[in-house]
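These notes are about the structure you will find just below.
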Amino acid sequence: DTEVTQTPKHLVMGMTNKKSLKCEQHMGHRAMYWYKQKAKKPPELMFVYSYEKLSINESVPSRFSPECPNSSLLNLHLHALQPEDSALYLCASSHSGTNPGGETQYFGPGTRLLVL
Amino acid sequence: AQSVTQLDSQVPVFEEAPVELRCNYSSSVSVYLFWYVQYPNQGLQLLLKYLSGSTLVESINGFEAEFNKSQTSFHLRKPSVHISDTAEYFCAVSEIQGAQKLVFGQGTRLTINP
Numbered sequence: 001d002t003e004v005t006q007t008p009k010h011l012v013m014g015m016t017n018k019k020s021l022k023c024e025q026h027m028g029h030r031a032m033y034w035y036k037q038k039a040k041k042p043p044e045l046m047f048v049y050s051y052e053k054l055s056i057n058e059s060v061p062s063r064f065s066p067e068c069p070n071s072s073l074l075n076l077h078l079h080a081l082q083p084e085d086s087a088l089y090l091c092a093s094s095h096s097g098t099n100p101g102g103e104t105q106y107f108g109p110g111t112r113l114l115v116l
Numbered sequence: 117a118q119s120v121t122q123l124d125s126q127v128p129v130f131e132e133a134p135v136e137l138r139c140n141y142s143s144s145v146s147v148y149l150f151w152y153v154q155y156p157n158q159g160l161q162l163l164l165k166y167l168s169g170s171t172l173v174e175s176i177n178g179f180e181a182e183f184n185k186s187q188t189s190f191h192l193r194k195p196s197v198h199i200s201d202t203a204e205y206f207c208a209v210s211e212i213q214g215a216q217k218l219v220f221g222q223g224t225r226l227t228i229n230p
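So the protein sequences, as listed, match chains F and L.
At position 48 of the first sequence the residue is numbered 48 (my numbering), and the sequence of numbers has no breaks.
At position 71 of the second sequence the residue is numbered 187 (my numbering), and the sequence of numbers has no breaks.
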């Protein structure tokens, strides 16, 4: 099974709402990622978790709060977002072995977020 | 720091024609090289990658890419494209000694016309 699942597929929220995005994988991967992808642009890395610990935060605003409750699950908590945060949010995972830079990342289909 | 330049934002070709998608990179350290593909309304999936060894790498669906260190390029080619190859293609690099951090190019939209 090489599938990364993401829920929900679509999300519409107001600027005062609190919502969460969920990502799950059952490949035994120990690295998980959140990316943000604007229309017609490449994915931009937001966060990396390695062995359930936050290892990279690409200076993401605090209105985005990641959480990794266990090795299979990754959440992204959203609060007080701005309309410019509307984008496709992609989750990915990789093995996290001895050669992390060369590993394949497996991406989920994404959550398309619209902030009104 | 690394950067990736994909020279063509859009490439239209006819079905069964050959195609080349160009990718150049810049880095002060050694890097691994990747091509990812994104089909409409989907996430990304790995097409092929270069880690070491033979500079020509192939994918299972007929694509190939050649690492050229002197020209810092990793161009993607296919001798005969199909309608199903219509997608966005992203070239990416990551540091050999670094963390699990992919740096993507801007992407090339490949459109196959019948």
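Built from N, CA and C at the ideal position, the CB exists for glycine as well.
Buried/exposed call for S96(F), threshold 16 Cβ in 10 Å:
buried
Alpha carbon to alpha carbon, what distance is there between S119(L) and G221(L)?
7 Å
P42(F): contacting residues in chain L (beta-carbon distance under 7 Å):
F206, F220, G221, Q222, G223
Taking the alpha-carbon of W151(L) as reference, which of V197(L), A215(L), T202(L), H191(L) has the nearest alpha-carbon?
H191(L)
Bridge partners - P66(F), DSSP secondary structure assignment
L76(F)
Three CB pairs or more closer than 8 Å across the stretch 46-59 of chain F and the stretch 162-181 of chain L
no
Since Y33(F) contacts L21(F) with CB under 8 Å, what's their CB separation in whole angstroms?
Going by Cβ atoms, the distance from Y33(F) to L21(F) rounds to 13 Å, so no, they are not a contact pair.
Beta-carbon neighbours of I66(L), restricted to chain F and to distances below 8 Å
Nothing in the structure corresponds to residue 66(L), since chain L is present only between 117 and 230.
Span of the beta strand (DSSP E) holding Y205(L)?
203-211
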